[in-house]
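Okay, so here's the structure we're looking at.
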Amino acid sequence: MIQPPPSGPVPYARELAHGLLADMLRVRRLEEKAAELYGEGKIRGFLHLYIGEEAVAAGAFRALTTGDNVVATYREHGHALLRGVSMNAIMAEMYGKQEGCSRGRGGSMHLFDARTRFYGGNAIVGGGLPLAVGFALADHLQKAARVTACFFGDGAVAEGAFHESMNLAALWRLPLLFCCENNLYAMGTALVRSESQTDLSAKAASYGVAAKRVDGMDVVAVREATLAAAKAVRAGEGPVFLEYQTYRFRAHSMFDPELYRDKAEVEEWKTRGPIHTYSARLKAQDLLTEEEFLALDREAQDEVRRAVDFAEAGTWEPVADLARDVTTPAAP
Amino acid sequence: MTKISYREAMRLALREAMQRDSRVFLMGEDVGRYGGTYAVSKGLLEEFGPERIRDAPLSELGFVGAGIGAALGGMRPIVEVMTINFSLLALDQIVNTAAALRHMSGGQFSVPLVIRMATGAGRQLAAQHSHSLECWYAHVPGIRALAPATVEDARGMLWPALQDPDPVIIFEHAQLYNMEAELPATISADISHARLMRQGRDVSLITYGGCLGKTLDAAAQLAEEGIDAEVIDLRVLRPLDTDTMIESVKRTHRAVVIDEGWRSGSLAAEVMARIMEGAFYELDAPVARVCSEEVPMPYAKHLEDAALPQVPKIVAAARTVCGRAQS
């Protein structure tokens with residue numbers, strides 16, 4: 012049985028309250044369009060949608076600062092966008108155009124952006140975790156008051172990389188925020204079918220890492236928990252593990268026939284959908300009107316349209332440049 | 370001039386790097402308190418402290434990946450992996466992240482990481498501590514692979530490796546740590562080229578790492594038989610210095626490649642292919658190779674010896690390509 016939908020007052024002023032909604036709408040509309048473009052053959056390779064999980068990225072990124080490092084997974088369109096990578100550059104990357112944020116070399120799974128300290132876009136499950144330990148170690152050694160936020164899914168906790176990284180971060184008391192997005196399925200394998208211990212916080216606690224379980228469908232809960240965790244990490248209290256309990260409404264990727272879960276389960280989780288439940292709460296406390304909702308949604312859709320235009324107008328990198336960026340060119 | 374060991378030369382290089390650049394730190398299993406598995410880092414903990422001479426738990430995947438992250442985060446890490454066999458636990462981070470990151474980020478991020486690891490056989494350590502898998506790494510675009518085979522290179526290669534903006538792996542053959550030699554007045558900082566170790570007219574013996582000494586011994590023996598062998602130390606396994614090997618073969622018209630890796634899919638195979646591509650019409654005989662026998666390394670001394678390239682095998686191969694009858 013799943014929990015009732017997120018409810019209760021939203022403790023934010025209008026600007027932040029609307030900002031969080033706008034963030035989720037931007038991710039949702041971007042990805043709905045991406046799925047459509049996939050069907051048209053404009054986007055190829057793998058495309059992993061975040062639809063249903065938007066509250067996690069929206070809440071978490073409103074709790075981090077621009078100086079922090081972010082390491083994400085292959086389901087990272089939302090993370091890149093809400094970190095501040097332009098939708099144009101994300102869409103162009105999915106198109107494979109050289110105007111993309113990785114020059115078309117990465118695609119959907121490998122979005123990168125130096126300006127916003129967005130370090131991928133990692134398609135090896137758990138692969139970002141050791142990397143994040145290294146960022147946090149560099150900050151520790153350089154005495155930088157910076158948090159490294161590392162996103163990963165429930166599937167990653169079965170990897171050795173997860174356990175090695177938890178141990179290293181705890182052993183060295185590194186400024187690392189473990190952001191586990193538990194959507195209950197590692198591709199098609201349910202958590203109960205892959206983990207002997209399904210309480211993921213218990214795994215973190217076994218390494219002496221402070222752990223907290225958060226309703227990942229509630230953008231307010233996500234932001235508040237992430238703010239508190241980031242504050243502790245920044246204060247030098249060592250790593251913190253957050254388990255955001257969330258749910259993916261769409262298939263794992265565009266090749267997934269979803270044989271492993273009941274449609275009824277998906278429908279039940281949709282009653283906890285992060286956008287409509289949050290909108291309803293805002294409306295209930297007179298922080299949002301239907302007109303305002305529609306205006307925010309229209310803005311998101313306009314942004315998506317501009318991004319598609321940008322990607323369509325983008326250019327293919329000349330094949331003559333194929334071997335560039337394998338190694339760093341010598342300084343002139 | 371006093372002689373120093375390969376181990377001491379590497380330690381001098383580490384100390385110099387730590388002194389010259391505060392971003393440099395050494396991380397790995399037992400590099401600190403223990404003093405390094407092969408005693409390379411002995412004394413450095415006392416000199417530089419535990420933050421910069423950082424003992425890591427047995428988690429190769431974790432701490433190699435952490436080295437990548439630290440390099441991206443502004444440091445200049447040197448990660449020591451105890452042996453090349455153990456480095457397979459970190460292969461994912463090295464191949465899928467360190468080597469690929471610059472390219473898949475569209476050129477946004479370089480990974481200035483140096484990984485050192487011991488490689489090779491000869492100490493009866495059997496099938497999980499003895500292999501020579503350098504060519505696996507030399508296969509991967511985005512990595513520079515170095516094999517210091519001399520005391521000079523043990524001293525000289527680390528600093529330029531740290532100046533490389535991309536990941537560099539340094540393979541230290543475990544049999545070399547006790548080797549002693551005098552350091553030249555000027556130490557080469559070249560990490561791009563092979564080196565002619567011995568000039569000769571009759572055959573090019575091309576090798577690297579732990580087989581260099583055996584190959585030079587073979588060349589000396591061949592000289593007594595009237596075969597004048599040239600010896601080339603590849604030094605850099607990726608990117609391979611094709612020009613030096615081709616020029617040598619154009620002089621000698623014959624070549625034998627000596628490689629401690631297994632024969633199938635070996636670095637020797639790549640060198641032979643390049644000679645065929647670049648000097649086919651210069652050849653007076655098919656190129657030969659001496660590699661390890663295709664067995665997991667056995668423990669028993671006589672079997673281990675039989676599995677590895679040895680001086681008599683190199684001599685015999687050189688005689689054959691020179692058209693000499695076997696004595």
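Chains as they are written, first to last, in this note's numbering: chain A, 12 to 343; chain B, 370 to 696.
We put the beta carbon where it would ideally sit given N, CA and C, even for glycine.
Predicted model, so just to flag it, every value in this text is computed and none were measured.
Over what stretch of residues does the beta strand (DSSP E) that includes B:D674 continue unbroken? Note, B:D674: premise wrong, no beta strand (DSSP E); alpha helix (DSSP H) at 670 to 676.
In chain order, what residues of the same chain have a beta carbon less than 8 Å from the beta carbon of B:L606, not counting five sequence neighbours either side? Take B:L606, set aside five residues on each side of it, and the residues of its chain with a beta-carbon closer than 8 Å to its own are E503, C504, Y506, A507, A514, L515, A516, F540, Y577, L636, in chain order.
So, with DSSP's three-state summary, where would you put A:Y218? Three-state DSSP puts A:Y218 in coil, outside helix and strand.
Unbroken beta strand (DSSP E) run spanning B:A487, endpoints: 483 to 488
Extent of the continuous beta strand (DSSP E) run through A:N193: 187 to 193
Can you grab the Cα-Cα spacing for the pair B:I463 / A:V144, in whole Å? 15 Å
In the DSSP output, what is B:H542 paired with across the bridge? B:T488
How many whole angstroms separate the CB atoms of A:D336 and B:G438, which I take to be in contact at a CB cut-off of 8 Å? Not confirmed; about 20 Å, so no contact.
When the Cβ atoms of the region 537 to 552 of chain B are set against those of the region 584 to 595 of chain B, are three or more pairs found closer than 8 Å? no
Going by beta carbon distance, what residues of the same chain come within less than 7 Å of B:K372, once the five residues before and after it are set aside? Cβ neighbours of B:K372 beyond the five flanking positions: E549, A550, E551.
Distance, Cα to Cα, A:F72 vs A:R94? 6 Å
Can you have a look at B:V664 and say buried or exposed, based on whether 16 or more other CB atoms are within 10 angstroms of its CB? exposed
Could you spell out the range, first to last residue, of the alpha helix (DSSP H) harbouring B:Y506? 503 to 507
May I ask you to list, following chain order, the residues of the region 135 to 159 of chain A that have a beta carbon less than 7 Å from some beta carbon of chain B? I135, G138, P141, L142, A143, V144, G145, F146, L148, A149, D150, L152, Q153
Report the option in B:H622, B:F417, B:R421, B:R524 whose CA atom is closest to the CA atom of B:A654. B:H622
Beta-carbon of A:S113 versus every beta-carbon of chain B: anything under 8 Å? yes
Expressed to the nearest angstrom, what Euclidean distance is found between the alpha-carbon atoms of A:R292 and B:G436? 45 Å
Whose CA, out of A:H88, A:A66, A:Q14, A:G325, lies closest to the CA of A:G131? Nearest option by C-alpha distance: A:H88.
Output, in sequence order along the chain, the residues in the region 461 to 484 of chain B whose CB is closer than 7 Å to any CB in chain A. D461, Q462, N465, T466, R471, H472, M473, S474, G475, G476, Q477, F478, S479
With 8 Å as the threshold, decide whether the Cβ of B:F540 is near any Cβ in chain A. Output row for B:F540: interface = no.
Let me confirm a value: A:G50 is counted as buried when at least 16 other C-beta atoms fall within 10 Å, else exposed. Which label applies? exposed
Could you check whether the Cβ of A:L182 sits closer than 8 Å to any Cβ belonging to chain B? yes
Verify the CB distance criterion: does B:A435 have a CB-CB separation below 8 Å to chain A? yes
Using alpha carbons as the reference points, say which of B:S561, B:N465, B:T584, B:D571 lies closest to B:E651. B:D571
Just to confirm the assignment: which complete alpha helix (DSSP H) runs, minimum length 4, are found wholly within the region 79 to 131 of chain A? 88 to 94, 98 to 106
Of all the CB atoms in chain B, is at least one closer than 8 Å to the CB of A:H1? Because chain A is modelled from 12 through 343, residue 1 of chain A falls outside the range shown and cannot be assessed.
Any Cβ of chain B within less than 8 Å of the Cβ of A:R335? yes
Considering only the beta carbon of each residue, do B:A687 and B:L581 sit closer than 8 Å? no
Run of the alpha helix (DSSP H) containing B:G438, from where it starts to where it stops: Here the alpha helix (DSSP H) through B:G438 covers 429 to 441.
Beta-carbon proximity of A:C191 to A:Y258, cut-off 8 Å: no
Length-filtered (4 minimum) alpha helix (DSSP H) runs lying within the region 604 to 681 of chain B: 611 to 621, 636 to 648, 670 to 676
Contact list for B:D535 against chain A, beta-carbon separation under 8 Å: T338, T339
Candidates B:E416, B:V690, B:A496, B:V520, of which the one nearest B:W631 by Cα: B:A496
A:L41 to A:M98, Cα distance in whole Å? 8 Å
To the nearest angstrom, how far is the alpha carbon of A:S290 from that of A:L307? 11 Å
Nearest to A:D124 (by Cα), restricted to the options A:V319, A:D267, A:A83: A:A83
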